Amino acid sequence: MKTVKVTINVNNEKIKLQVKPYETLLETLRERLALTGAKEACSLGSCGSCTVLLNGTPVRSCLILTPEVDGASITTIEGLKEDGKLHPLQEAFMEKGAVQCGFCTSGMIMTAKGLLNRNKKPSRAEIIKSISSNICRCTGYKKIVEAVEEASKKMA
Amino acid sequence: MILPKFEYKKARTIEEALEIYSQYNGEAFYLAGGTDLVPLLKHRLFNPKVVIDIKGIEELKTITKKGGNLLVGPNATLYELKGTPEIQEKLPCLFQSLDATSCETLQMRGTIGGNIMQNTRCLQYNKSLEWRTARGFCYKMGGKTCNVVLNAKACYSNYCGDNAPSLMTVDAKARIVGPTGEKTIKVEKLFSGDGKEPFTVKPGEILKGIIIPLKETKGAYEKLTVRGSIDYPLVGVAVTIKDGSAKVGVTGIGPCPRVYELKEVNEKEINNIADKAYEDAKPVLNAVLTPAYRKKMVGVLIKRVFKRIEKGGSR
Ligand SMILES: Cc1cc2nc3c(=O)[nH]c(=O)nc-3n(C[C@H](O)[C@H](O)[C@H](O)COP(=O)(O)OP(=O)(O)OC[C@H]3O[C@@H](n4cnc5c(N)ncnc54)[C@H](O)[C@@H]3O)c2cc1C
Ligand code: FES
Ligand code: FES
Chain W
148 MKTVKVTINV NNEKIKLQVK PYETLLETLR ERLALTGAKE ACSLGSCGSC TVLLNGTPVR
208 SCLILTPEVD GASITTIEGL KEDGKLHPLQ EAFMEKGAVQ CGFCTSGMIM TAKGLLNRNK
268 KPSRAEIIKS ISSNICRCTG YKKIVEAVEE ASKKMA
Chain B
2 MILPKFEYKK ARTIEEALEI YSQYNGEAFY LAGGTDLVPL LKHRLFNPKV VIDIKGIEEL
62 KTITKKGGNL LVGPNATLYE LKGTPEIQEK LPCLFQSLDA TSCETLQMRG TIGGNIMQNT
122 RCLQYNKSLE WRTARGFCYK MGGKTCNVVL NAKACYSNYC GDNAPSLMTV DAKARIVGPT
182 GEKTIKVEKL FSGDGKEPFT VKPGEILKGI IIPLKETKGA YEKLTVRGSI DYPLVGVAVT
242 IKDGSAKVGV TGIGPCPRVY ELKEVNEKEI NNIADKAYED AKPVLNAVLT PAYRKKMVGV
302 LIKRVFKRIE KGGSR
C-alpha cells in the first residue's frame with residue numbers, strides 16, 4: 148500500500164515522514180520517533196493515557212491517523228520542559244506525589260496542560276471535569292487534582 | 002491495537018468527497034473527528050478500502066446565524082457548539098446534552114455531524130473480531146441471528162447519541178447532499194428504526210448542515226450512566242419547552258431516538274408521556290444495566306427533567 152508523506156512539527160522540531168495511511172499518531176510517536184511518553188492502554192479513546200496536544204488542544208492520539216495531522220504541531224510530554232527545566236505541571240506532580248505507577252501520568256499532564264492553555268485559572272471543579280475522563284488506577288485522583296491546582300497557581 | 006489497511010484521502014470540497022466515494026464503489030467511510038469510526042475500524046467491524054477525511058472542507062465547518070436559525074456545519078466540534086452564545090442563551094437542552102457528551106477532550110475532536118451519524122452500539126457488537134468470531138456473527142455483522150434476543154427478527158442495537166434527541170426537541174432539520182441532489186429533512190427522519198442500518202441517509206450521502214431554529218426555550222437533558230465522567234447514555238432524556246408546549250426526546254434504548262409531544266405542560270400530561278415512553282421502551286440485555294432498570298428509568302428521567310426545568314433547569 149502507498150505511504151503518505153507528512154510534515155509535522157513535533158516538540159518544536161519539523162519532521163518529514165512517510166507513514167502508512169492507517170497509522171495512528173500514537174504509533175508514529177512511539178514507534179517511529181521513539182517518543183514513548185504517550186502510552187497505549189485501551190487504544191479505543193476511553194482512557195486518555197495517549198493524550199498529546201494537537202495545535203495546543205488535547206487529543207487522544209490512538210484515535211487520530213497521522214495523515215490527518217499533516218502540517219500540524221504536536222506536543223508530547225517530552226516537549227514540555229523549557230530551557231532544560233521541567234514544566235511547573237511536571238514539578239507539581241512530583242512534589243504532590245501525584246504519580247504512583249506512572250502509566251497515566253503523561254496523559255494526565257497533557258490533559259491538564261490543554262486545560263491551562265484555555266483556562267489560566269481553572270477552579271477545582273473545572274480541573275476535575277477536565278481530567279476525570281483520564282483513567283488512573285492508582286492514585287484516587289486527589290493528588291493529581293492538587294498538583295494541577297498547584298501548577299496553575301505557580302504559573303499565574 | 003492496529004488498524005486494518007486502508008487508503009487515506011483528503012477531500013477539499015463536497016464534490017470531491019462524493020467523487021472519491023464513487024471511485025471506490027462505496028467501499029469508503031467519511032472521516033470527521035474519527036472518535037466513533039476509528040474504534041469501529043480497530044475492531045474490524047468495517048474494512049473500507051479508503052477513508053475520506055472531510056475535515057478540510059471549509060463550508061462544512063461554519064456556524065452562522067441566518068433568518069432566525071442557527072446554521073451549523075457538521076464539522077463544528079461539540080466543544081465549539083457548546084461555546085456558541087446562541088445555544089447557551091436560547092437552547093439549554095442542547096447545551097446540556099453537548100456538555101454531557103463523552104468528555105472535554107473528545108468534545109474538542111468529535112463533531113456534531115459524526116455525533117448524529119454515529120453507529121448503533123451493542124455489548125455483543127462493539128467487540129474484537131476474535132471475540133465476535135468465537136461467538137458467531139449477528140445480523141449487524143452480516144449473520145443470520147441476534148446474539149442477544151433468541152429468535153429475534155431484527156437487530157436490537159442501541160442508538161447512543163446524546164445530541165440527536167435534543168436537536169429533535171428543538172425542531173432541527175438536516176441538510177443532506179448526495180450524487181442525485183440535495184434535500185432537507187427533520188432530524189427524526191434521519192433514522193430508519195433498523196439497528197442493522199440505522200440511518201435513512203444513503204451510502205455516500207453527506208450531512209451538509211443542521212438548521213436549528215433560534216427561539217427562546219426552556220429545557221434540560223439528563224442521562225443515565227454508570228461512569229460519571231465519560232460514558233454513553235444507557236438512557237438519555239431531552240426536554241424542550243417552547244410557547245407552553247413541550248417535546249421530549251428519548252435516546253439510548255433501541256436503534257433510534259424517539260420524540261414525544263406535549264400540547265400543554267402540566268402534571269397529567271407529563272405523567273401520560275412518561276407512561277407512554279415507558280411502554281414504548283423495549284430495552285434488551287445488550288448494555289451494562291438490566292433492561293428492567295433502564296426501562297423504569299425512562300419514566301423516572303422524564304419526570305425528573307421536567308422537575309429540574311421547573312426549578313431553573315441547571316445541572
Ligand atoms: C470513549 C468514548 C466515549 C464516548 N461517549 C459518547 C457519549 O457519551 N455520547 C455520544 O453521543 N457519543 C459518545 N462518543 C462517540 C463520539 O465521540 C461522538 O459521537 C462524536 O461526536 C463523533 O464525532 P466524530 O466527528 O468523531 O465522528 P466520526 O467518527 O468521524 O464519524 C462517525 C460516523 O459519522 C459519519 N459521518 C461523519 N460526518 C459525516 C457527515 N458530515 N456526513 C455523513 N456522514 C458523516 C462517519 O462516516 C462515521 O460513520 C464516545 C466516543 C468514545 C471513544
Ligand atoms: S490509549 Fe488512547 S484513550 Fe486509551
Ligand atoms: S499512577 Fe498508576 S494509573 Fe495513574
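Residue numbers (our numbering), protein chains in the order written: chain W, 148 to 303; chain B, 2 to 316.
Yeah, the Cβ is synthetic: ideal placement off N, Cα and C, and Gly gets one too.
Note that the coordinates shown come from a computational prediction; the quantities given were computed from them, not determined experimentally.
- Scanning chain B for C-beta atoms nearer than 8 Å to the C-beta of serine 190 of chain W yields Met2 and Lys43, reported in chain order.
- Taking a C-beta cut-off of 7 Å against chain B, the contacting residues of the segment 207 to 220 of chain W are Arg207, Leu210, Ile211, Leu212, Pro214 and Glu215, listed in chain order.
- Judged by DSSP in its simplified three-state form, leucine 180 of chain W adopts coil rather than helix or strand.
- Shown in chain order are the members of the segment 99 to 132 of chain B whose Cβ falls below 8 Å from a Cβ of chain W: Ser103, Cys104, Glu105, Thr106, Leu107, Met109 and Arg110.
- Listed in chain order, the beta strand (DSSP E) elements of length 3 or more contained wholly in the segment 178 to 216 of chain W are 198 to 201 and 204 to 207.
- In the DSSP assignment, no residue is bridged to glutamine 97 of chain B.
- Of the heavy atoms belonging to ligand 1, at least one sits nearer than 7 Å to the Cβ of leucine 208 of chain B.
- Note: glycine 182 of chain B is bridge-paired with B:Gly179 in the DSSP secondary-structure output.
- Neighbours of aspartate 54 of chain B across chain W, judged by C-beta separation under 9 Å: Leu212, Pro214 and Glu215.
- When DSSP reads this structure, cysteine 139 of chain B sits in a beta bridge with B:Thr146.
- The Cβ of threonine 171 of chain W sits closer than 8 Å to at least one Cβ of chain B.
- Contact annotation: glycine 115 of chain B and alanine 33 of chain B have beta-carbon atoms nearer than 8 Å.
- Neighbours of lysine 6 of chain B in chain W, taken as residues at a C-beta separation under 9 Å, are given in chain order as Met148, Lys167, Pro168 and Tyr169.
- With at least 16 other beta carbons inside 10 angstroms of its own, asparagine 164 of chain B counts as buried.
- Taking 9 Å as the Cβ-Cβ cut-off, the segment 250 to 264 of chain W approaches chain B at Thr258, Gly261 and Leu262, given in chain order.
- In this structure, glycine 249 of chain W has its beta carbon less than 7 Å from a heavy atom of ligand 3.
- At least one beta carbon of chain W lies nearer than 8 Å to the beta carbon of glycine 35 of chain B.
- Within the model, the alpha-carbon separation for lysine 219 of chain B versus glutamate 160 of chain W is close to 50 Å.
- Restricting attention to W:Leu210, W:Ala185, W:Asn202 and W:Glu293, the CA atom closest to the CA of aspartate 37 of chain B is found in W:Leu210.
- Taking a Cβ-Cβ threshold of 8 Å, the residues of chain W close to isoleucine 231 of chain B are Ser193, Ser279 and Ser280, in chain order.
- A residue is listed when its beta-carbon falls short of 6 Å from at least one non-hydrogen atom of ligand 2; in chain order these are W:Glu187, W:Ala188, W:Cys189, W:Ser190, W:Gly192, W:Ser193, W:Cys194, W:Gly195, W:Ser196, W:Cys197, W:Arg207 and W:Cys209.
- Per the coordinates, the alpha-carbon of aspartate 100 of chain B lies some 14 Å from the alpha-carbon of glycine 314 of chain B.
- Proline 205 of chain W belongs to the set of residues whose beta carbon lies under 8 Å from a beta carbon in chain B.
- In this chain, the alpha helix (DSSP H) harbouring serine 23 of chain B covers 15 to 24.
- Listed along the chain, the chain W residues whose CB falls inside 8 Å of the CB of proline 40 of chain B are Leu191, Gly192 and Leu210.
- Under the Cβ criterion (8 Å, minimum of three pairs), the segment 107 to 126 of chain B counts as touching the segment 193 to 202 of chain B.
- Listed in chain order, the beta strand (DSSP E) elements of length 3 or more contained wholly in the segment 214 to 289 of chain W are 220 to 222.
- Three or more beta-carbon pairs separated by less than 8 Å are not found between the segment 89 to 105 of chain B and the segment 126 to 133 of chain B, which leaves the two stretches without contact.
- Excluding its 5 nearest sequence neighbours in each direction, methionine 2 of chain B has C-beta neighbours in its own chain below 6 Å: Lys43, listed in chain order.
- Annotation note: the segment 77 to 136 of chain B contains the following uninterrupted alpha helix (DSSP H) runs of length 4 or greater, listed N- to C-terminal: 79 to 83, 86 to 91, 93 to 101, 105 to 108, 113 to 117 and 130 to 136.
- With 16 or more other Cβ atoms from the protein chains shown falling within 10 Å of its own Cβ, glycine 195 of chain W counts as buried.
- Legend: CB atoms of the segment 285 to 297 of chain W lying less than 7 Å from CB atoms of chain B are not found in any residue.
- Its Cα nearest to that of isoleucine 303 of chain B, the residue B:Ala247 stands out among B:Ala293, B:Thr291 and B:Ala247.
- At least one CB atom of chain W sits nearer than 8 Å to the CB of tyrosine 9 of chain B.
- Ligand 1 never approaches alanine 185 of chain W closely enough for any of its heavy atoms to be under 7 Å from the residue's Cβ.
- Boundaries around valine 299 of chain B are those of the alpha helix (DSSP H), 292 to 311, since no beta strand (DSSP E) includes it.
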